[in-house]
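To start, the structure under review is shown below, and the notes come after it.
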Amino acid sequence: MQATATSNETSGGSATETPSLTSGESTAGDGLVEVATGFQRFLEGLVASEGRLVASLVLAGALVVGIFVLPAVAGRVRSLLAETGQTDRAVRGVERASRYVPTSFAELLLRTAQLTVLVAVVTAFLVVWGVVDLSTTADDLRNAVGPNLYDAVKTVLIVAVAFVASDQLQRFIAKVARQVDGMTEHQEEILLRVGQVTIFVTLGATILAVWEVNVGGLLVGAGFLGIVVGFAARQTLGSLIAGFVLMFSRPFTIGDWVEIGDNQGVVTDITIFNTRLENFDGEFVVIPNDQVSDRSITNRSRKGLLRLRTDVGVDYEADVETARAVALDAMEDVDAVVTSPQPQVVPKAFGDSAILLELRYWIDHPSPPRKWRAVSAVVTAVKAAFDEEGITIPYPQRTVSGRDATAAAEDANGSLADGEADGDGIDASVGSVDDHPVREPDD
Numbered sequence: 001m002q003a004t005a006t007s008n009e010t011s012g013g014s015a016t017e018t019p020s021l022t023s024g025e026s027t028a029g030d031g032l033v034e035v036a037t038g039f040q041r042f043l044e045g046l047v048a049s050e051g052r053l054v055a056s057l058v059l060a061g062a063l064v065v066g067i068f069v070l071p072a073v074a075g076r077v078r079s080l081l082a083e084t085g086q087t088d089r090a091v092r093g094v095e096r097a098s099r100y101v102p103t104s105f106a107e108l109l110l111r112t113a114q115l116t117v118l119v120a121v122v123t124a125f126l127v128v129w130g131v132v133d134l135s136t137t138a139d140d141l142r143n144a145v146g147p148n149l150y151d152a153v154k155t156v157l158i159v160a161v162a163f164v165a166s167d168q169l170q171r172f173i174a175k176v177a178r179q180v181d182g183m184t185e186h187q188e189e190i191l192l193r194v195g196q197v198t199i200f201v202t203l204g205a206t207i208l209a210v211w212e213v214n215v216g217g218l219l220v221g222a223g224f225l226g227i228v229v230g231f232a233a234r235q236t237l238g239s240l241i242a243g244f245v246l247m248f249s250r251p252f253t254i255g256d257w258v259e260i261g262d263n264q265g266v267v268t269d270i271t272i273f274n275t276r277l278e279n280f281d282g283e284f285v286v287i288p289n290d291q292v293s294d295r296s297i298t299n300r301s302r303k304g305l306l307r308l309r310t311d312v313g314v315d316y317e318a319d320v321e322t323a324r325a326v327a328l329d330a331m332e333d334v335d336a337v338v339t340s341p342q343p344q345v346v347p348k349a350f351g352d353s354a355i356l357l358e359l360r361y362w363i364d365h366p367s368p369p370r371k372w373r374a375v376s377a378v379v380t381a382v383k384a385a386f387d388e389e390g391i392t393i394p395y396p397q398r399t400v401s402g403r404d405a406t407a408a409a410e411d412a413n414g415s416l417a418d419g420e421a422d423g424d425g426i427d428a429s430v431g432s433v434d435d436h437p438v439r440e441p442d443d
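In full-length UniProt numbering, the protein residues as written are 1 to 443.
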């Protein structure tokens, strides 16, 4: 049936007509008014004017109980049920509901109870002190909310669905992360946050559509704002986009030993905007993600194995094959060197003072400390093995040759005699030139 218009008597005797309501909305509104009126009469009959202070203290105590005591009681009840073996029967319904409503259902019930206590206590406090007339307030609320009650219910349902979808997304990402190798907790968190932003942006747009809000102006303003922000923070946005690219390409993870451009170290953190390294001196290097994506990246931990190379020289008089065998046996006895792939010794080049051998060996779980421990152990082992076999590792040297002093003097005298003979011939030839007359120039 059609709801009757509600009028309030004012000082001038005028009446204000309210919007017409449907039968369902009118019934719900009348019920709300009746409940509010009954609650107010109960409080007025319970509390006299001189007892308002005591009533306020009681209400404050009820509020404390609802906020602090109720969660402790709920946890204690669950513990007692678990100790007595009644958990399955007592909480079966709650656990079954939690399968369909991923948000912790017990937590949802607890928060709902706390919110109910909070609203009831605050309302009672205002009524006790005469701040509000509950029946009048309920009647005004009915008149204001009545025409939009259906939209309000839809809004509440949409918000609930959004929170359920967010929790379901979190469970789905966690399940995928357990099944996929190489996905880190940081990547899980980024995926979750991106998904939640998408869900709640969709939630906001849906609520605006339910309430028939024109978002055209908002979209235009957001477009201009996006252009301004894009120009002002293009480097930050570039790092943000590069962060997402790194997240999906995954060239390295936290704990990897990498070299990014001129920086080398162990990855300690990867964020949306930058990557943090700890170098071998204990310094932390922060590199923006846009620079990370623009530089060459060398990941020494990705394979789980790393080959190291060390050069050693042997004397030219030493047997190269014997030196190779001795060095190979020495490397195989080093604990830090893995046996598969096998170490190798390769003659590399003819040096100024030695034949250079290149020692090639592998380490597992590569890291800077493991690398230097392996290099130190190999150098020590090969040096000890060469000393035991009498193989010399030469240092840079030069050979200086000389002749006997007497022979050198005789050679010098012979050179002088040859020079004198050559000089006589030259003088004779010069003298023959002097025998020719020289023509004087004519005056």
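Backbone N, C-alpha and C define an ideal beta-carbon position, used for all residues, glycine too.
* Given a threshold of 16 other Cβ atoms within 10 Å of its Cβ, counted over all protein chains shown, does Thr116 qualify as buried or as exposed? -> Around the CB of Thr116, fewer than 16 other CB atoms lie within 10 Å, so the residue is classed as exposed.
* Asked: Which of helix, strand or coil does DSSP assign to Pro102?
  -> Because Pro102 sits at a pLDDT of 44, beneath the cut-off of 50, its placement in the model cannot be relied upon, and the following sentence gives the value as read from the coordinates. Pro102 sits in coil when the DSSP states are folded into three classes, being neither helix nor strand.
* **Cβ neighbours of Pro347 in the same chain (closer than 7 Å, five flanking residues each side left out)** => Excluding positions up to five away in sequence, the list reads Val320, Ile355, Leu357.
* Secondary structure at Arg360, three-state DSSP: helix, strand or coil? -> The answer is strand: DSSP assigns Arg360 an E or B state.
* Identity of the residues DSSP links to Asp214 by a beta bridge -> The sequence given here has Asn at residue 214, not Asp. None, per the DSSP bridge assignment.
* Asked: Is Ser293 buried or exposed, if buried means 16 or more other CB atoms sit within 10 Å of its CB?
  -> Around the beta carbon of Ser293, 16 or more other beta carbons sit within 10 angstroms, so the residue counts as buried.
* Asked: At a Cβ threshold of 9 Å, is Glu358 touching chain C?
  -> Among the protein chains of the structure shown there is no chain C, as only one such chain exists.
* Asked: Since Ile287 sits in a beta bridge, which residues does DSSP pair it with?
  -> BP columns for Ile287 point to Thr275.
* Asked: By how many angstroms is the C-alpha of Val266 removed from the C-alpha of Gly279?
  -> For clarity, residue 279 is Asn in the given sequence; the question names Gly instead. Taken atom to atom, the span from the alpha-carbon of Asn279 to that of Val266 is near 6 Å.
* Could you tell me which of Lys383, Glu332, Ser367, Ala60 sits nearest to Arg360, measuring between CA atoms? => Ranking the options by Cα distance to Arg360, first place goes to Glu332.
* **Cβ-based neighbour list, Val286, same chain, cut-off 7 Å, excluding 5 preceding and 5 following** => If you ignore the 5 residues before and after Val286, its C-beta comes within less than 7 Å of the C-beta of Asn274, Arg276, all in its own chain and listed in chain order.
* Asked: Distance, Cα to Cα, Gly204 vs Val213?
  -> C-alpha separation (whole angstroms): 11 Å.
* Asked: Between Leu225 and Gly217, what straight-line distance do the alpha-carbon atoms span, to the nearest angstrom?
  -> Between the alpha carbons of Leu225 and Gly217 lies a distance of about 12 Å.
* Asked: Alpha carbon to alpha carbon, what distance is there between Pro396 and Asp352?
  -> Straight-line spacing of the CA atoms in Asp352 and Pro396 works out to 7 Å.
* If we call anything under 9 Å between Cβ atoms a contact, is Val345 one with Pro394? -> The answer is no: Cβ separation not under 9 Å.
* Delimiting residues of the beta strand (DSSP E) encompassing Gln170 -> For Gln170, there is no enclosing beta strand (DSSP E); the residue is found in the alpha helix (DSSP H) stretching over 149-179.
* Asked: Taking DSSP as the reference, what is the three-state secondary structure of Gln86?
  -> Legend: pLDDT at Gln86 = 49, less than 50; position of this residue unreliable, no value from coordinates given.
* To do: Name the one or two DSSP bridge partners that Glu259 has.
  => DSSP lists Gln264, Thr298 as partners of Glu259.
* **Beta-bridge pairing of Gln344 - partner residues as DSSP gives them** => Beta-bridge pairing links Gln344 to Arg360.
* So Asn299 and Phe252 are in contact, right, with Cβ under 8 Å, and what is the actual spacing, rounded? -> The Cβ separation is near 5 Å, so the contact holds.
* To do: Decide if the segment 229-237 is in contact with the segment 192-203; the criterion is three or more beta carbon pairs, one per stretch, under 8 Å apart.
  => Result no; under three Cβ-Cβ pairs closer than 8 Å.
* To do: From the DSSP output, in three-state form, read off Asp311 for me.
  => In the structure shown, the three-state DSSP call for Asp311 is strand.
* Taking the C-alpha atoms as reference points, what is the distance between Arg178 and Ile297? -> A direct Cα-to-Cα measurement between Arg178 and Ile297 gives close to 27 Å.
* Along the chain, where does the alpha helix (DSSP H) that runs through Pro368 open and close? -> Taken as a continuous stretch (DSSP letters only), the alpha helix (DSSP H) holding Pro368 covers 368-389.
* Asked: For Pro369 versus Leu306, is the C-beta distance shorter than 9 Å?
  -> In this structure, Leu306 does not lie closer than 9 Å to Pro369 by Cβ.
* Is Ile260 near Arg309, with beta carbons less than 9 Å apart? -> The beta carbons of Ile260 and Arg309 sit no closer together than 9 Å.
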